[in-house]
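One structure is given here, and the rest of the page talks about it.
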Ligand code: ADP
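In the working numbering, the protein residues as written are 23 to 492.
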């Protein structure tokens with residue numbers, strides 16, 4: 023069953039208050055009743071002892087006889103209070119017995135007491151106590167006193183318990199109302215940001231990725247959740263932009279070579295142009311651009327769909343850097359670029375070919391975006407948890423606005439410029455996907471006109487992820 027938070031919290035609070043008040047009432051009643059009963063038992067016992075002491079004085083030691091008249095009066099007085107007295111001499115002969123004397127009255131008194139006890143729900147048992155009657159250190163007989171204990175009929179005592187219960191009832195009622203009110207207030211405090219979140223997430227699910235929570239006040243967890251939703255919307259917006267841009271870019275990339283090839287072939291078919299080897303070569307080159315693009319797309323989807331099965335082995339990053347540099351010898355000479363490799367050997371576990379591809383892409387960019395006679399530096403550093411490789415150039419650099427997007431597919435900082443350099447905007451996306459498949463990290467720092475620095479961190483064998491790196 024679905025209940026609103028308000029109902030659930032209020033009901034929870036009310037239940038807690040009810041249980042607490044009920045437990046307090048029960049405990050208080052039990053405790054006070056027990057104390058009363060103990061007190062009454064002690065009172066009754068001391069009254070019975072007083073009766074025994076009173077009877078002792080009714081024996082005349084010198085004459086060796088009992089004052090039966092007084093004992094009779096004494097016994098009847100005690101019977102009125104619910105005490106049945108039986109006096110014996112030392113030979114166990116009965117001197118005076120309330121039941122023998124007036125059995126009907128005795129039964130009437132006792133049944134009255136039982137009736138009272140049943141009415142007031144007090145449970146006492148009929149007990150009989152024996153007290154020795156001693157005068158001047160000589161025992162003269164004994165008395166048996168029977169009475170219901172604990173038994174009390176004093177209205178004050180009942181009133182006290184009744185008053186206590188009424189107070190607890192009032193306190194319980196007020197607390198209950200307070201609990202429900204507090205529950206409603208608290209629930210409103212919790213529910214209102216949740217309702218707001220429901221509205222916002224609904225909007226996001228409907229495609230409005232621009233919506234955001236404004237920085238507000240509230241519980242830490244709620245603020246954290248709002249922050250996460252903002253981040254989610256931001257990343258969805260980013261993904262959406264990339265998707266849109268990628269579709270446009272792919273369409274654009276395909277349109278130009280296809281249009282060129284179509285126009286040339288059309289002219290040849292219609293006999294306007296002759297199919298010279300030069301024209302056919304131009305068509306072939308355009309088709310090469312298209313297949314290059316398709317290759318990049320396949321490569322990316324293979325890596326990003328986690329189909330990338332890494333053939334892990336020990337890879338020395340310094341050796342890797344030297345081998346990549348070797349592949350660029352010609353172009354380095356052509357552009358009169360200086361390329362230095364510094365650092366010590368650093369072994370990480372990874373897929374050698376894939377890591378080669380990463381460093382190749384970084385160096386390829388450094389070469390592409392360096393001006394003639396520029397300087398490229400490859401630095402290898404060894405840290406406890408990771409192998410670090412940096413590629414630095416003093417080339418054209420990347421602007422602050424473009425920098426956050428360079429790792430996205432088909433992103434080219436300056437489109438006309440990159441087309442001239444032959445870039446398709448996937449080199450860094452591929453590098454990032456490979457580094458991430460190795461649980462590593464990649465970062466770019468750059469200043470327009472001053473150059474760029476690309477750093478990769480690759481975890482060593484036992485390091486699962488790189489918490490200590492940016
Ligand atoms: P591309 O094939 O276009 O070079 P990449 O994914 O390798 O694609 O790079 C994306 C964009 O990042 C490039 O178009 C370029 O504008 C920018 N870029 C990458 N590396 C550098 C660098 N070392 N210097 C300046 N710009 C760079």
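Where a beta carbon is used, it is the ideal one built from N, C-alpha and C, also for glycine.
The ligand ADP and residue 362: does the residue's C-beta get closer than 6 Å to at least one heavy atom of that ligand? For the ligand ADP, not one heavy atom lies less than 6 Å from the Cβ of residue 362.
Cβ of residue 404 within 6 Å of any heavy atom in the ligand ADP? Checking every heavy atom of the ligand ADP against the Cβ of residue 404, none is found closer than 6 Å.
With residue 171 and residue 154 assumed to form a contact (beta carbons below 8 Å), what rounded beta-carbon distance in angstroms separates them? Actually they are not in contact, since the Cβ atoms of residue 171 and residue 154 sit about 20 Å apart, beyond 8 Å.
Across which residues does DSSP place residue 365 in a beta bridge pair? BP columns for residue 365 point to 402.
DSSP bridge partner residues for residue 334 (one or two, in chain order): According to DSSP, residue pairing for residue 334 in a beta bridge involves 373.
Is residue 343 near the ligand ADP - that is, is its Cβ less than 6 Å away from at least one heavy atom of it? Taking non-hydrogen atoms of the ligand ADP into account, the C-beta of residue 343 is found less than 6 Å away from none of them.
Cut-off 7 Å between Cβ atoms - residues of its own chain near residue 373, not counting five sequence neighbours on either side: Around residue 373, the same chain offers 332, 333 and 334 as residues with beta carbons nearer than 7 Å, after the five sequence neighbours per side are excluded.
For residue 163, the three-state DSSP class (helix, strand or coil): Reduced to three states, the DSSP call for residue 163 is strand.
At 4 residues or longer, what runs of the alpha helix (DSSP H) sit wholly inside the segment 443 to 488? For secondary structure counted as the alpha helix (DSSP H) over 4 or more consecutive residues, the segment 443 to 488 holds these complete runs in sequence order: 449 to 459.
Any heavy atom of the ligand ADP inside 6 Å of the beta-carbon of residue 382? No, the beta carbon of residue 382 sits no closer than 6 Å to any heavy atom of the ligand ADP.
Within 10 Å of its beta-carbon, does residue 396 have 16 or more other beta-carbons around it, so buried, or fewer, so exposed? Buried: at least 16 other Cβ atoms inside 10 Å.
Sub-7 Å separation of residue 409 and residue 475 beta-carbons: Not in contact: residue 409 and residue 475 (Cβ atoms no closer than 7 Å).
The ligand ADP heavy atom lying under 6 Å from the CB of residue 271: No, the Cβ of residue 271 stays beyond 6 Å of every heavy atom of the ligand ADP.
Could you tell me how far apart the beta carbons of residue 383 and residue 310 are, in whole angstroms, since I believe they sit closer than 8 Å? With 8 Å as the limit, residue 383 and residue 310 do not qualify as a contact, their Cβ atoms being about 20 Å apart.
Can you tell me whether DSSP reads residue 78 as helix, strand or coil? In this structure, DSSP gives residue 78 a helical state, which the three-state scheme calls helix.
Taking 7 Å as the limit between beta carbons, can you name the residues of its chain near residue 308, skipping five residues before and five after? Excluding residues within five positions, the ones whose Cβ falls inside 7 Å are 279, 282 and 283.
Secondary structure of residue 89, DSSP reduced to three states: Reduced to three states, the DSSP call for residue 89 is coil.
Does the beta-carbon of residue 430 have 16 or more other beta-carbons within 10 angstroms, so that it is buried, or is it exposed? Burial call: buried.
Residue 168 - DSSP class collapsed to helix/strand/coil: Correct three-state label for residue 168: strand.
If distances are taken between C-alpha atoms only, which option among 453, 451, 370 and 247 comes closest to residue 495? Outside the modelled stretch of the chain, which goes from 23 to 492, sits residue 495, for which no answer is possible.
Look at the Cβ atom of residue 369, then the Cβ atom of residue 413, and state whether they are nearer than 7 Å. No, Cβ-Cβ distance for residue 369 and residue 413 is not below 7 Å.
Going residue by residue through the segment 228 to 285, where are the continuous beta strand (DSSP E) segments of at least 3 residues, counting only ones entirely within it? Correct list: empty.
Given this structure, state the Cα-to-Cα distance separating residue 40 from residue 102, to the nearest angstrom. Spanning the two alpha carbons is a distance of roughly 45 Å.
Three-way DSSP call (helix, strand, coil) for residue 223 in this model: Three-state DSSP puts residue 223 in a helix.
From 315, 130 and 166, pick the residue whose C-alpha is nearest to that of residue 118; which is it? Out of 315, 130 and 166, 166 has the C-alpha closest to the C-alpha of residue 118.
Let me confirm a value: residue 275 is counted as buried when at least 16 other C-beta atoms fall within 10 Å, else exposed. Which label applies? Within a 10 Å sphere around the beta-carbon of residue 275 sit 16 or more other beta-carbons, which makes this residue buried.
So, helix, strand or coil for residue 110, using DSSP? DSSP places residue 110 within a strand segment (E or B) once states are collapsed to three.
beta-carbon residue 446 near the ligand ADP non-hydrogen atom, thresh 6 Å: Shortest gap from the CB of residue 446 to any heavy atom of the ligand ADP: under 6 Å.
Where does residue 439 sit, in a helix, a strand or coil, going by DSSP? With a pLDDT of 49 at residue 439, under the threshold of 50, the modelled position of that residue is not reliable, and the figure given next carries that caveat. Three-state DSSP puts residue 439 in a helix.
Any non-hydrogen atom of the ligand ADP within 6 Å of residue 313 CB: No, the ligand ADP has no heavy atom inside 6 Å of this Cβ.
Less than 7 Å separating the beta-carbons of residue 400 and residue 363? In this structure, residue 363 lies closer than 7 Å to residue 400 by Cβ.
Comparing alpha-carbon positions, which option in 244, 73 and 464 lies nearest residue 477? Looking at the Cα atoms, 464 is the closest of the given residues.
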